[in-house]
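Peer 1: According to the UniProt record's numbering, the sequence shown holds residues 1 to 218 in order.
Note that beta-carbon positions come from the ideal geometry of N, C-alpha and C, so glycine has one too.
Keep in mind it's a predicted model, so treat the numbers as computed, not measured.
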Amino acid sequence: MTIAIGFEGSANKLGIGIIQDQNILSNIRHTYITPPGEGFLPRETAQHHREYILNILQKALDEAKIILKDVDIICYTKGPGMGAPLTVTALVARTIAQIYNKPIIAVNHCIGHIEMGRLITGSINPTVLYVSGGNTQIIAYSRQKYCIFGETIDIAVGNCLDRFARLLKLSNDPSPGYNIEQLAKKEKISSVTLCSKRNGCIFFWNFKLYRRTYFFLA
Numbered sequence: 001m002t003i004a005i006g007f008e009g010s011a012n013k014l015g016i017g018i019i020q021d022q023n024i025l026s027n028i029r030h031t032y033i034t035p036p037g038e039g040f041l042p043r044e045t046a047q048h049h050r051e052y053i054l055n056i057l058q059k060a061l062d063e064a065k066i067i068l069k070d071v072d073i074i075c076y077t078k079g080p081g082m083g084a085p086l087t088v089t090a091l092v093a094r095t096i097a098q099i100y101n102k103p104i105i106a107v108n109h110c111i112g113h114i115e116m117g118r119l120i121t122g123s124i125n126p127t128v129l130y131v132s133g134g135n136t137q138i139i140a141y142s143r144q145k146y147c148i149f150g151e152t153i154d155i156a157v158g159n160c161l162d163r164f165a166r167l168l169k170l171s172n173d174p175s176p177g178y179n180i181e182q183l184a185k186k187e188k189i190s191s192v193t194l195c196s197k198r199n200g201c202i203f204f205w206n207f208k209l210y211r212r213t214y215f216f217l218a
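#1: Can you give me the start and stop residues for the alpha helix (DSSP H) that glycine 122 sits inside?
#2: Nearest-angstrom Cα distance between lysine 59 and aspartate 72?
#3: For valine 107, list the residues DSSP reports as bridge partners.
#4: Have a look at the DSSP bridge pairing and note the partners of valine 128.
#5: Judging by CA-CA distance, which residue of Pro85, Val92, Gly15 is the nearest neighbour of residue 233?
#6: Can you grab the Cα-Cα spacing for the pair leucine 14 / lysine 186, in whole Å?
#7: Mark glycine 6 as exposed unless 16 or more other C-beta atoms lie within 10 angstroms of its C-beta, in which case mark it buried.
#8: Is it the case that the Cβ atoms of asparagine 172 and isoleucine 33 are separated by a distance below 8 Å?
#9: I'd like to know whether the C-beta atoms of tyrosine 141 and asparagine 125 end up nearer to each other than 8 Å.
#10: Just to confirm the assignment, what range does the beta strand (DSSP E) spanning glycine 83 have?
#11: For the alpha helix (DSSP H) containing isoleucine 53, list its first residue and its last residue.
#12: For threonine 89, count neighbouring C-beta atoms within 10 Å of its own C-beta (all shown protein chains included) and say buried if the count is 16 or more, exposed if not.
#13: Under the rule that 16 or more other beta-carbon atoms within 10 Å means buried, what is threonine 193, buried or exposed?
#14: Tell me the DSSP secondary structure of threonine 193 in three-state form.
#15: Is it true that the CB of isoleucine 155 sits closer than 8 Å to the CB of leucine 170?
#16: According to DSSP, leucine 68 sits in a beta bridge with which residue or residues?
#17: Alpha carbon to alpha carbon, how far is asparagine 55 from serine 175? Give it in angstroms, no decimals.
#18: Taking the C-alpha atoms as reference points, what is the distance between serine 26 and glycine 133?
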């Protein structure tokens, strides 16, 4: 049975997970929290990752009840993501791989999300709506590779919500989208569709402009 450890640090969430075949042994995370209304910058985010990564690594090993010598393969997020935070996790992963003479795999961030979803849901060949801070895409596996069949042309949904949350001075603890949802539950707002579609691609910029206008008029 193969034990793999993965390092993720492409944005403000730092995570280390350990799996054995199809079983998740540990999944430890720590989020860089900024003051409400402020985003996270690459340099400060990387500093957060440097401060916490060894502690997160030890917690992941302890929860999985293994040591690094037991690991068969090292994985880390190669990108896409924020450059400075990515270098922190990549450096630690490469260092461990060299010290313990383990094979190392650089993982595409988007594919990592998709494969994680496949593992948890047990899906065989899903059509994926991939929504994150930097991507909003419709993806499916075809001809031995993942293909994008449609995507946002202007701004990703996650980025749109992040900016909207900053505009409203909402915290990113645990996440901007979650806090927007909790605030929306308290308001009596009718459903409004403010995105458009063309050739399988989606536009969300009107949503952000509408929310910005609504906020200042309210």
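Peer 2: If we stick to the structure as given:
#1: Residue 122 sits at position 122 when you count from the first residue of the sequence shown. For glycine 122, no alpha helix (DSSP H) encloses it, and the DSSP letter there is neither H nor E.
#2: Along the sequence shown, read from residue 1 onward, the residue named residue 59 stands at position 59. Along the sequence shown, read from residue 1 onward, the residue named residue 72 stands at position 72. Taking the straight line joining both Cα atoms gives about 18 Å.
#3: What you label residue 107 is simply residue 107 of the sequence shown in a count that begins at 1. Paired residues: Thr77.
#4: Walking along the sequence shown from the start, residue 128 turns up at place 128. Ile139.
#5: Nothing about residue 233 can be read from this structure; the chain reaches only from 1 to 218.
#6: As a first step, residue 14 must be located in the sequence shown, where it is residue number 14. As a first step, residue 186 must be located in the sequence shown, where it is residue number 186. Cα-Cα distance, rounded: 31 Å.
#7: For this step, residue 6 is matched to residue 6 along the sequence shown. With 16 or more Cβ atoms within 10 Å of its Cβ, glycine 6 is classed as buried.
#8: What you label residue 172 is simply residue 172 of the sequence shown in a count that begins at 1. What you label residue 33 is simply residue 33 of the sequence shown in a count that begins at 1. Yes, the Cβ-Cβ distance between asparagine 172 and isoleucine 33 is below 8 Å.
#9: Taking the first residue of the sequence shown as position 1, residue 141 is located at position 141. Taking the first residue of the sequence shown as position 1, residue 125 is located at position 125. Yes, the Cβ-Cβ distance between tyrosine 141 and asparagine 125 is below 8 Å.
#10: Taking the first residue of the sequence shown as position 1, residue 83 is located at position 83. First-last for glycine 83: 83-99, but that is the alpha helix (DSSP H), not the beta strand (DSSP E).
#11: Walking along the sequence shown from the start, residue 53 turns up at place 53. Taken as a continuous stretch (DSSP letters only), the alpha helix (DSSP H) holding isoleucine 53 covers 42-64.
#12: Here residue 89 refers to the residue found at position 89 when the sequence shown is read from its first residue. Under this definition threonine 89 is a buried residue.
#13: As a first step, residue 193 must be located in the sequence shown, where it is residue number 193. Low confidence applies here, because threonine 193 scores a pLDDT of 49, under 50, leaving its location unreliable; read the following figure in that light. It counts as exposed.
#14: Indexing the sequence shown from 1 puts residue 193 at position 193. Note that threonine 193 has pLDDT 49, beneath the 50 cutoff, so the model's placement of it is unreliable and the number below is only indicative. If DSSP states are grouped into helix, strand and coil, threonine 193 belongs with coil.
#15: Taking the first residue of the sequence shown as 1, we reach residue 170 at position 170. Taking the first residue of the sequence shown as 1, we reach residue 155 at position 155. Between leucine 170 and isoleucine 155, the C-beta spacing is not below 8 Å.
#16: Stepping through the sequence shown from its first residue, residue 68 is reached at position 68. Beta-bridge partners of leucine 68 (DSSP): none assigned.
#17: Residue numbering aside, residue 175 sits at position 175 when the sequence shown is read from its first letter. Residue numbering aside, residue 55 sits at position 55 when the sequence shown is read from its first letter. Cα to Cα, the separation comes out at about 22 Å.
#18: Position 26 of the sequence shown holds residue 26. Position 133 of the sequence shown holds residue 133. Rounded to whole angstroms, serine 26 to glycine 133 spans 24 Å at the Cα level.
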